[in-house]
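For the record, in the sequence shown the residue sitting at position 12 is 13 according to my numbering, with numbers rising by one throughout.
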Amino acid sequence: MTSDTAQKTNASAKKSEHEEALEYLKEQIKPGDTVYTILRHVSKSGMSRLIDLYLVKGNQPFRITWSTAKALRYPYDRRYDAVRIGGCGTDVGFSSVYNLGHALFSDGYQLKHQWL
């Protein structure tokens, strides 16, 4: 296999992973749902944060962090099992939930956000 073919295969695998995550989240999340976020870590420089995302279904927490990372093409940090969000001076929880709502429903305000 040439490196060109390997790159195309890798790109198509990432694309299908992205699409599968979007489909899965569309099945799990409905407009008006609240997505809860937990801050897991802040980098020493303060330029990135690691957050965990949850839904509550049937009075039980339901973790959607990995699927959200794949759906939004955000890096997933395996050390903290959380989504890495870069930048400072922004509410990364709100930003992530807004972007998720936009990806799923074309309107970021379709989902509510709350920090835990």
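Think of the CB as a built atom: it goes at the ideal place given N, C-alpha and C, for glycine as much as any other residue.
All values derive from a computational prediction rather than experimental measurement.
- When the Cα atoms are used, SER49 and VAL43 turn out to be separated by approximately 6 Å.
- Secondary-structure assignment with DSSP links LYS16 through no beta bridge to anything.
- A residue is called buried when at least 16 other Cβ atoms come within 10 angstroms of its Cβ; TYR110 does not meet this threshold and is exposed.
- Judged by DSSP in its simplified three-state form, SER49 adopts strand.
- Put simply, of GLY102, HIS19, THR38 and TYR99 the residue whose alpha carbon is nearest the alpha carbon of PHE63 is THR38.
- In this chain, GLY94 is not harboured by any beta strand (DSSP E); it is covered by the alpha helix (DSSP H) spanning 93-106.
- Rounded to the nearest angstrom, the Cβ distance from ILE65 to SER97 is 11 Å, too far for a contact under 8 Å.
- The Cβ neighbour count for THR69, taken over all protein chains shown within 10 Å, is at least 16; the residue is labelled buried.
- The alpha-carbon separation between THR35 and SER46 amounts to approximately 30 Å.
- Pairing LEU56 with ALA22, the inter-Cα distance amounts to about 15 Å.
- Looking at the DSSP output, ARG85 sits in a beta bridge with LEU51.
- Take LYS27, set aside five residues on each side of it, and the residues of its chain with a beta-carbon closer than 7 Å to its own are LEU105, in chain order.
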